[in-house]
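Chemist: For reference, the structure I am asking about is given below.
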């Protein structure tokens, strides 16, 4: 079986340039929506020609694919690190929830596009191989929460429930942050940390045993 590439960019392209295109695309998709945004719009956002965009990507769909993968990789690697550093399952969930919330707030354009453009991604039948890889990363990420919830239930730390079902509203409430959070110019690391702690308290209130 052929190994699935983790990026849709053309081979041997500069990583810094690739991420610059992804950032410009998220801004264009945020302003215009995926359907209306064009390669020209993405190039304009960068102050470049569309030839520069095509040097890295063959299509707008490939760019959207990489936005999704970029967000998932950030979240997965952070969650793994937090889970491994935790003292117990409850500490792991707290840490992972906090990091998820901070990643959303610190990378709002990326995370909002990844959430709102899911339909645009899945209807592209030509990208089924890459979609299978993205779906696997999503499942692996969710499994980090499910496994810690299950361990916490076994230790009497969490309420008794199906951990797979309990993970759904937990992650749903975290992802909804993309809808209500506003990245104001006055936002600071301290203000985002305060919001993240409120989210942690809210989520833990729904999973801890009474």
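In this note's numbering, the protein residues as written are 98 to 307. Where a beta carbon is used, it is the ideal one built from N, C-alpha and C, also for glycine. Since we're looking at a predicted model, the values are computed, not measured.
Relative to the alpha-carbon of residue 169, which residue among 201, 152, 150, 156 has its alpha-carbon at the smallest distance?
Modeler: Nearest of 201, 152, 150, 156 to residue 169, Cα basis: 201.
Chemist: Leaving out five residues on either side along the sequence, give the residues of the same chain with a beta carbon under 6 Å from the beta carbon of residue 138.
Modeler: Contacts found: 125.
Chemist: Just list the residues that DSSP pairs residue 255 with in beta bridges.
Modeler: DSSP lists 305 as partners of residue 255.
Chemist: Can you give the beta carbon distance from residue 249 to residue 187, rounded, assuming they're within the 8 Å contact cut?
Modeler: So it is a contact: roughly 6 Å between Cβ atoms.
Chemist: Which of the three DSSP states is assigned to residue 185 in this structure?
Modeler: Coil.
Chemist: CB-CB under 6 Å to residue 189, same chain, minus the five flanking residues each way: which ones, in chain order?
Modeler: The residues are 180, 183, 245.
Chemist: Does DSSP put residue 260 in a helix, a strand or coil?
Modeler: Correct three-state label for residue 260: helix.
Chemist: Would you kindly work out how many angstroms separate the C-alpha atoms of residue 242 and residue 281, rounded to a whole number?
Modeler: Those two C-alpha atoms are separated by around 30 Å.
Chemist: According to the neighbour-count rule (16 or more other Cβ atoms, all chains shown, within 10 Å of its Cβ), is residue 98 buried or exposed?
Modeler: The pLDDT assigned to residue 98 is 31, lower than 50, so where the model puts this residue is not dependable, and the model offers no usable value.
Chemist: May I ask which residues mark the beginning and end of the alpha helix (DSSP H) holding residue 153?
Modeler: Taken as a continuous stretch (DSSP letters only), the alpha helix (DSSP H) holding residue 153 covers 147-153.
Chemist: Can you tell me whether residue 236 is buried or exposed, with buried defined as 16 or more other CB within 10 angstroms of its CB?
Modeler: With fewer than 16 other Cβ atoms within 10 Å, it is exposed.
Chemist: Determine the direct distance from the alpha carbon of residue 247 to that of residue 254, and round the result to whole angstroms.
Modeler: So the two alpha carbons sit approximately 10 Å from each other.
Chemist: With respect to the alpha helix (DSSP H) encompassing residue 277, which residues constitute its N-terminal and C-terminal limits?
Modeler: Per DSSP, residue 277 belongs to the alpha helix (DSSP H) from 274-277.
Chemist: Just to confirm the assignment: which complete alpha helix (DSSP H) runs, minimum length 4, are found wholly within the stretch 116-144?
Modeler: 136-143, all fully within the stretch 116-144.
Chemist: What residue from 276, 290, 206 has the CA that sits closest to residue 121's CA?
Modeler: Closest option to residue 121, Cα to Cα, is 206.
Chemist: Can you round the beta-carbon distance between residue 199 and residue 110 to whole angstroms, since I take them to be within the 8 Å contact cut?
Modeler: No, residue 199 and residue 110 are not in contact; Cβ-Cβ is about 29 Å, not under 8 Å.
Chemist: Are residue 196 and residue 160 touching if we call contact CB-CB under 9 Å?
Modeler: Contact: no.
Chemist: Pick from 185, 158, 194, 172: whose alpha carbon is nearest that of residue 297?
Modeler: Out of 185, 158, 194, 172, 194 has the C-alpha closest to the C-alpha of residue 297.
Chemist: Please report how far the alpha carbon of residue 151 lies from the alpha carbon of residue 233, in whole angstroms.
Modeler: Answer to the nearest angstrom: the Cα atoms are 28 Å apart.
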